[in-house]
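To start, the structure itself, in structure tokens.
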Amino acid sequence: MTQTSLFRSEEMSLVQLYIPAEVAQPCVAELGELGKVQFRDLNPEVNAFQRSFVSEIRRLDEMERQCRFFSTQCEKAEIPVRPLTSAAYASRARSAQEVDDLEEKLREHEARISQMNSSYETLQRRYLQLTELRHVLRETAVFFEQAESRQDTIRPSLDEQNASTPLLEQDVEQANYNELNRLNLGYVTGVIARSRIQTFERVLWRALRGNLYMNTAEIDEPIVDPDSDEVVDKNVFAIFAHGREIINKIKKISDSLGGTLYSVDDAPDARRDALMEVTSRIEDLNNVLSNTSQTRRAELLKIAENLTAWTTVVRKEKAIYHTMNLFNYDVNRKCLIAEGWCPKNDIPIIQHALKTATESSGTNLPSILTELTTKKTPPTYHRTNKFTEGFQNIIDAYGIARYREVNPGLFTIVSFPFLFAVMFGDIGHGLLMLLFAGWMVINEKKLASSKDEIFSMFFGGRYMMLMMSIFSIFTGAVYNDMFSLSLNVFKTGFDWPTDYSSNQTVEGIPNGDVYAFGFDPSWHGAENFLLFSNSYKMKQAIILGVIHMSFAICLQVFNHAYYKKKAFIWLEFLPQILFMECIFGYLIFCIMYKWSVDWWALDDNGQHIHNPPPNLLNMLIYMFLSPGSVNPEDQLYPGQGPLQAVLLLVALVCVPWMWFAKPYYLKKQHSKHQYQTVAEDEHVTYDEEQNGQAGVSGGDEEDEEEEEFDFAEIMIHQTIHTIEFCLNCISNTASYLRLWALSLAHAQLSSVLWDMTLKIWFGFTGPVAVVGLVIGFAMWFTLTIFILLCMEGLSAFLHALRLHWVEFDGKFYYGDGVKFEPFAFAAVLDAKPE
443 MTQTSLFRSE EMSLVQLYIP AEVAQPCVAE LGELGKVQFR DLNPEVNAFQ
493 RSFVSEIRRL DEMERQCRFF STQCEKAEIP VRPLTSAAYA SRARSAQEVD
543 DLEEKLREHE ARISQMNSSY ETLQRRYLQL TELRHVLRET AVFFEQAESR
593 QDTIRPSLDE QNASTPLLEQ DVEQANYNEL NRLNLGYVTG VIARSRIQTF
643 ERVLWRALRG NLYMNTAEID EPIVDPDSDE VVDKNVFAIF AHGREIINKI
693 KKISDSLGGT LYSVDDAPDA RRDALMEVTS RIEDLNNVLS NTSQTRRAEL
743 LKIAENLTAW TTVVRKEKAI YHTMNLFNYD VNRKCLIAEG WCPKNDIPII
793 QHALKTATES SGTNLPSILT ELTTKKTPPT YHRTNKFTEG FQNIIDAYGI
843 ARYREVNPGL FTIVSFPFLF AVMFGDIGHG LLMLLFAGWM VINEKKLASS
893 KDEIFSMFFG GRYMMLMMSI FSIFTGAVYN DMFSLSLNVF KTGFDWPTDY
943 SSNQTVEGIP NGDVYAFGFD PSWHGAENFL LFSNSYKMKQ AIILGVIHMS
993 FAICLQVFNH AYYKKKAFIW LEFLPQILFM ECIFGYLIFC IMYKWSVDWW
1043 ALDDNGQHIH NPPPNLLNML IYMFLSPGSV NPEDQLYPGQ GPLQAVLLLV
1093 ALVCVPWMWF AKPYYLKKQH SKHQYQTVAE DEHVTYDEEQ NGQAGVSGGD
1143 EEDEEEEEFD FAEIMIHQTI HTIEFCLNCI SNTASYLRLW ALSLAHAQLS
1193 SVLWDMTLKI WFGFTGPVAV VGLVIGFAMW FTLTIFILLC MEGLSAFLHA
1243 LRLHWVEFDG KFYYGDGVKF EPFAFAAVLD AKPE
């Protein structure tokens, strides 16, 4: 990776390709494997159905459908599809004969699978009918015996209903019920889903006014529905009633609720013979189903061996013809003309790929690549590797960089994990994260094939997580924090009193030494530890924030210089950086100066006394309220008042500087451009009159492309931009206080977790202590992983992301570019099929 590709996007070139029609397909296939060219559509006015290779694409669409059909069948049969192992088989371009052979092979396999599926489904339906009929014959034998013994006392099936009597008391048919029952008793038998049995009973009772006798029994054997391949619980029912119309009505109601009716003979011997015959036919049908299933499985196993390779070939060929539809076809030269963007440094690689494809096809017709000169804006391409890809994706999620704009991804490699670590600083938590990230990095080849979406997100940011963990260990060492406990590695800077306790305030006993690195462990456990750490972390957040934003403002210089707008350095960058540094840069200076002064002194008795330092917040407020004067008690250094007055004056001057200078400059430039254009037009017209020629200046088209200059619109835009910058300097600086707030929350939550799970058991002895420590450690470790690492880590990640998107990128980054999306088989195969 070159330094240029890190700091700015790759330099792009618009190239034109002349590809002979005979070698167009292998050449495009080679470029697809290379993935370096983003082709332009040279036929934007042509309908998608009227392009040159529509028939080939339709043919490949059908082949892709067949592959999806095979994949669905294998998945349904729980047959694993063999992954692609031969890269050479899938990488080279297919000849026309190979594609024809593959098409024929897919058609034959589909015909056989479809025929076996149809036969199997027919056999399954027949098996379902016979199985249900067997249960009907078994259960109705009991029903008929019960019905014969109770013919004279037929009652409605829903005994729990109070209104069980016929609805029409004067019904003549009901009056002669017993007589008709003996003379004309009919029945209906069948099977219905168990979930609908209650509805079935209620509808029958209401429709027939209770004139029926119904009995049901559950089928304990699982019934598989051939349409959905799902197991459905069903019941056998037998309904006895009188009258042909009532029987027909029962049949219609059963059909409407999805029931299946089966005719059963009322003679016991006939039912017994039918049951024996059905059982025999079921056994024969079982054998046929088993043979059909084995034959279909063998066919699918054969397909599963090559399905991935077939799908890869078909999708690649389809992508090739889709790409070729973007080209122009020169009938006279019998060649395809293509245009596309590619990285300038990769042109030799592209030429070599075209030469290789031409030679492998056995033809002497070369493909010609020429570089075009254009004023079109190229797409943006940042060359990344597996380490920098995650950081670049963070920036691309905010916005694609303008072509050749300063790339924030380079600085994000360091700033993002560092700002995360400021909020997440803990040696122990950083070590746990380091172990997880290191495991993913070491096993990245094995884990790269994982299809889990959530794990893929973690895996894609494994190097980012590795950097975040390393920085977290460093900031944890600065905070002297390891699972909320301190490490006493170096000599402390305080003399501990003999009666020192964990809740004692540590003050007034410095021994003159300074702890070598990080927080002095004497602060941990002291009553004023939060007061000290809050002050330090708050000031640290302000310092880091102002430095981060100042660096972002300075990056404007590189953009202005590259886009040849050097005047904007004086009109935009300089007032912005002066405004920022005169107020907040000065605040950083005061913080650093205050830290550098020893506020301890010796009194007349040789005792250490602490002189309270001035309050910086009050100092900054009174810098605006009373410029030029400082309260002697709040004075930080000599000459502070006049210096603050000068800085405040410079900051005030910068506001109209930002507001009016740039619009005025643009107006002058526009006026100058108009004058030059008119002069050139008059000169061209005079030359044409002298030469007797009439025409229009060739620059008219370029003038039409230029945006109309509107000074009022520019002035409004600059006003908004100036107000926004001045207010953002305050709000964005305050926004960096999240570094302090989340660091405090993380440390306190870690401390509470330690005290509530493990520390409480240290006062016990014996078996209770052992059991308590085991349970406490399990709770502590589990909560540490899920709360402090996962939840707190995600929170710190999102806050660091916001600081980069809003506070950092917002100062210099346009982010309105177009991403470079080359034609690449890797992207085609990774995309989900439609």
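Numbering-wise (our numbering), the sequence shown opens with residue 443 and increments by one. Virtual Cβ for every residue (Gly too), placed ideally from N, Cα, C. Given the structure is predicted, the values throughout are model-derived calculations rather than measurements.
Anyone know if the C-beta pair for residue i and residue j falls short of 8 Å?
| i | j | result |
| --- | --- | --- |
| ILE779 | LEU473 | no |
| SER1278 | HIS966 | The first residue shown for the chain is 443 and the last is 1276, placing residue 1278 beyond what the model contains. |
| VAL848 | ARG450 | yes |
| GLY1282 | SER992 | No statement about residue 1282 is possible, as the shown extent of the chain runs from 443 to 1276 and does not include it. |
| GLU663 | ASN677 | no |
| THR800 | VAL465 | yes |
| LEU1191 | GLU1234 | yes |
| LEU565 | THR734 | yes |
| ILE789 | SER455 | yes |
| GLY477 | ALA1273 | no |
| PHE1262 | THR765 | no |
| THR822 | ALA843 | yes |
| PHE1010 | LYS1104 | yes |
| ALA1187 | SER926 | no |
| MET1100 | PRO1017 | yes |
| PHE858 | PHE833 | yes |
| ASP838 | GLY918 | no |
| ASN787 | LEU484 | no |
Work out the CA separation of residue j and residue i for me, nearest whole Å.
| i | j | result |
| --- | --- | --- |
| PHE862 | VAL1260 | 29 Å |
| SER537 | ALA471 | 11 Å |
| PRO675 | THR641 | It should be pointed out that residue 675 corresponds to Asp in this sequence rather than to Pro. Straight-line Cα distance between these residues: approximately 15 Å. |
| GLU574 | PHE679 | 11 Å |
| ILE461 | ASN806 | 12 Å |
| ASN767 | ARG493 | 6 Å |
| ILE724 | ARG568 | 9 Å |
| CYS509 | ILE855 | 43 Å |
| TRP1182 | PHE1015 | 29 Å |
| GLN458 | GLU831 | 30 Å |
| ARG739 | ALA746 | 10 Å |
| PHE1250 | ALA983 | 14 Å |
| PRO850 | MET1022 | 20 Å |
| TYR1005 | SER964 | 55 Å |
| ARG689 | GLU581 | Strictly speaking, residue 689 in this sequence is Ile, with Arg absent from that position. Computed Cα separation, rounded: 20 Å. |
| ALA761 | PHE491 | 16 Å |
| LEU749 | PHE512 | 8 Å |
| ASN1001 | LEU1078 | 39 Å |
| PHE1254 | TRP1037 | 32 Å |
| LEU1200 | PHE1223 | 10 Å |
| GLU886 | PHE878 | 12 Å |
| ALA635 | GLY701 | 7 Å |
| TRP442 | ASP667 | In this structure the chain extends from 443 to 1276, so residue 442 is not present and cannot be described. |
So the alpha helix (DSSP H) residue i belongs to, where does it begin and stop?
| i | result |
| --- | --- |
| CYS1171 | 1153-1177 |
| ASP711 | 710-766 |
| TYR1255 | Element bounds for TYR1255: n/a, residue is neither H nor E. |
| ILE1229 | Careful: ILE1229 lies outside any alpha helix (DSSP H) and carries neither H nor E. |
| GLY870 | 869-884 |
| VAL1213 | 1209-1225 |
| SER926 | No alpha helix (DSSP H) holds SER926; DSSP gives it neither H nor E. |
What is the residue span of the beta strand (DSSP E) that residue i lies within?
| i | result |
| --- | --- |
| LYS676 | 676-684 |
| THR812 | 810-814 |
| GLU781 | 777-785 |
| THR658 | 655-660 |
| ASP772 | 770-772 |
| MET454 | 454-462 |
- prompt: If you pair each beta-carbon of the region 963-980 with each one of the region 1161-1170, do three or more pairs fall below 8 Å?
  reply: No, the region 963-980 does not touch the region 1161-1170.
Contiguous beta strand (DSSP E) assignments of at least 3 residues, all confined to the region 1055-1104: Segments of the beta strand (DSSP E) lying fully in the region 1055-1104: there are none.
- prompt: With a cut-off of 8 Å, do at least 3 Cβ pairs link the region 692-699 to the region 713-722?
  reply: No, they do not touch.
task: Please specify which runs of the alpha helix (DSSP H), each continuous and at least 4 residues long, are wholly inside the region 489-522, giving them in chain order.
output: You should have 496-518.
field: the region 1208-1225 touching the region 814-830, judged by at least three CB pairs closer than 8 Å
entry: Cβ pair count under 8 Å is below three, so no.
query: Are three or more beta carbon pairs between the region 1149-1156 and the region 1198-1214 nearer than 8 Å?
result: Because the criterion of three Cβ pairs below 8 Å is not met, the region 1149-1156 and the region 1198-1214 do not touch.
- prompt: Are the region 696-712 and the region 539-546 in contact at 8 Å, needing three or more beta carbon pairs?
  reply: Note that the region 696-712 does not touch the region 539-546; fewer than 3 beta-carbon pairs, one per stretch, sit closer than 8 Å.
message: Contact between the region 544-559 and the region 497-507 is defined here as three or more beta-carbon pairs at a separation below 8 Å; is this criterion met?
response: Counting Cβ pairs under 8 Å, three or more are found: they touch.
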